[in-house]
Structures are given as C-alpha cells and as structure tokens.
Amino acid sequence: MANNKITTVLFGLDGVVVDTEHEYDKFWSKIAEDNELKIDNFSSIIRGMTLSSVIELYFAISPLEEKQAIRQACADMEQSIDYKKLLIPGVLDFIAYVKESGYRVGLVTSSPTHKVQVVLDQLALQNTFDTIITSDSIKKGKPDPMGYVLAKTNLGVQSGECVVFEDSFTGIKAATYAFMRVIGVATTLSEEFLKDYTYGTIKDFTEMGKVKAFLDKI
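Residue numbers (my numbering): 602 to 819.
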C-alpha cells in the first residue's frame with residue numbers, strides 16, 4: 602500500500618455515526634423467529650450487509666409477498682427511529698473537525714438512500730459529506746469493496762489517501778479489500794477483537810486526541 606498523505610476520511614453510518622445496532626437486533630430477531638430461521642446470532646452475522654443481500658442469502662425461497670413485507674417492515678422501523686438519541690459520542694464534533702481541517706469527507710453505508718436522508722436531516726448533516734454511497738448506489742454491498750472504491754473514485758483520490766471508520770466486521774473487510782486503512786470503532790465489536798483487523802481502535806469519538814494522533818501518524 603502506498604504511504605500517501607491522508608486527505609480523505611470515510612465513515613460508515615450504523616455503529617459509527619448512530620448506534621442503531623440494538624434496533625436492528627430486535628428487528629431481525631423477530632423476523633428470524635417469524636420465519637422460523639434457526640440461525641444463532643443471526644443479527645450479528647448480517648450486520649453491515651445490505652437488506653437486498655440479506656433477503657437474497659437467507660430468504661431466497663420465501664414468497665415474494667414475504668420479501669416485500671420484510672422490506673416494508675424494515676423501512677417503517679428505520680423511519681420511526683429518533684436518530685438524535687442514538688448519536689455515537691463525539692461523532693458530530695469529529696466530523697466538524699475533519700471538515701474544518703480540510704479533509705474530504707464521505708459516507709459509505711449499506712443503508713438505503715431514503716433512510717440515510719432521514720438520518721442526515723435529523724442530525725443537520727445534509728450538506729456535510731462530499732460523497733454519499735448508499736445501498737442504492739452499488740450492486741454489491743459490504744464486505745465487497747465496491748462502495749469504498751466508488752467513494753474514492755467520486756472524490757478523485759487514491760486508496761492510500763483514505764482512512765475509514767468502521768464498526769462491523771463486514772465493513773472493515775470492505776474497506777480493507779479497497780486497500781484503505783481502517784480505524785475500528787468499538788460500538789459493535791470489542792477493541793480487543795478489532796485490533797487484529799484494523800490500523801487502530803477507539804471506543805468512540807470522545808477519544809479525540811487518540812483519533813487526531815491516528816490521522817497525524819498515518
């Protein structure tokens with residue numbers, strides 16, 4: 602990997618900007634139970650995947666009506682959340698810092714555009730990101746690197762110029778496969794686990810000094 606100067610900071614959404622994992626855990630546990638899908642830790646296994654990928658992999662033989670019902674139930678759940686109450690500590694201050702410092706800033710998420718718009722509207726981040734990649738932007742979701750590759754292409758930068766903040770194993774793999782350095786945010790997985798797969802780890806963005814040190818050191 603080329604040792605480029607970092608010019609670009611990319612964020613995941615769920616588990617990085619907003620802590621929605623508990624909401625999704627409840628939702629997918631119920632969906633799995635209703636569909637008699639007997640897979641241990643199902644919600645953890647699919648974390649970071651797009652809805653389309655989940656349905657394709659785990660509900661392929663379900664009737665079309667059931668697939669549509671799952672999509673609608675997920676959309677309804679996402680629309681009902683008060684995302685302001687689920688902010689990862691310190692994240693808004695850190696996003697403001699990287700913007701003010703002149704970094705390019707991007708969002709790469711497995712969530713659909715309609716949900717992302719709701720989140721950004723609630724958090725007053727509508728005009729913050731220089732590029733936004735959603736599940737509607739790509740054919741393959743995380744752990745495929747397509748989202749991160751598209752983000753760097755949109756921003757006109759190389760992989761070595763990018764640092765990525767991710768919480769899920771699928772997201773970390775996607776960024777790594779895109780040859781980007783990853784800082785693990787320990788909202789979903791422990792720092793002990795994350796340290797073996799990332800450049801560095803933080804518990805959240807209140808560790809501003811630690812995060813700035815990572816950016817200066819890379």
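Note that the Cβ used here is the ideal one computed from N, Cα and C, for glycine as well.
Let me make sure I understand the geometry here. Which of the options has the alpha-carbon closest to that of residue i?
i, options, result
"T754", "L687, I803, S738", "S738"
"D731", "S769, G707, E701, I662", "G707"
"V720", "Y659, T608, V619, T609", "V619"
"T799", "D817, S769, E808, V750", "S769"
"I632", "R648, C675, D615", "C675"
"F806", "D745, D797, D817, G691", "G691"
"L652", "K639, E634, Y625", "Y625"
"Q680", "N636, G772, S760, Q718", "Q718"
"M781", "L726, E657, G772", "G772"
"K685", "Q723, V655, V764", "Q723"
"L687", "G649, D615, A725", "D615"
"M678", "H623, T789, S663", "H623"
"I819", "F660, S791, L790, V764", "V764"
"A661", "N636, D797, K813", "N636"
Give the secondary structure of residue i by DSSP, where H, G and I count as helix, E and B as strand, and everything else as coil.
i, result
"F730", "coil"
"L724", "coil"
"G707", "strand"
"G833", "There is no way to answer for residue 833, as the model of the chain reaches only from 602 to 819."
"T771", "helix"
"V619", "strand"
"L688", "strand"
"M602", "Residue confidence for M602 is low, a pLDDT of 37 falling below 50, so the modelled location carries little weight; the figure read from the coordinates is stated next. DSSP places M602 in coil when its eight states are reduced to three."
"K627", "helix"
"A676", "helix"
"A661", "coil"
"V655", "helix"
"D694", "helix"
"S736", "coil"
"V717", "helix"
"N755", "helix"
"A670", "helix"
"D797", "coil"
Please work out which residues of its chain come closer than 6 Å, Cβ to Cβ, to residue i, disregarding the five sequence neighbours upstream and downstream, and give them in chain order.
i, result
"F766", "F612, V617, I784, V786"
"M747", "I739, K741"
"E701", "none"
"I734", "V709, G748, L751, A752"
"K774", "P744"
"Y778", "P746"
"R648", "S769"
May I ask you to list the residues that DSSP assigns as paired with residue i?
i, result
"G843", "Since the first residue shown for the chain is 602 and the last is 819, residue 843 is missing from the structure and cannot be characterised."
"T609", "R705, C763"
In chain order, what residues of the same chain have a beta carbon less than 7 Å from the beta carbon of residue i, not counting five sequence neighbours either side?
i, result
"R705", "T608, T609, D731, L756, V758"
"F794", "none"
"T789", "G616, E622, R648, D768, S769"
"L816", "I607, V764"
Check whether the Cβ of residue i lies closer than 8 Å to any heavy atom of the ligand ATP, and answer yes or no.
i, result
"F628", "Ligands in the displayed structure: none, and consequently the ligand ATP is not present."
Cβ contact check for the stretch 638 to 647 and the stretch 704 to 724: 3 or more pairs under 8 Å: no
The stretch 663 to 681 contacting the stretch 697 to 706, beta-carbon criterion three pairs below 8 Å: Cβ pair count under 8 Å is below three, so no.
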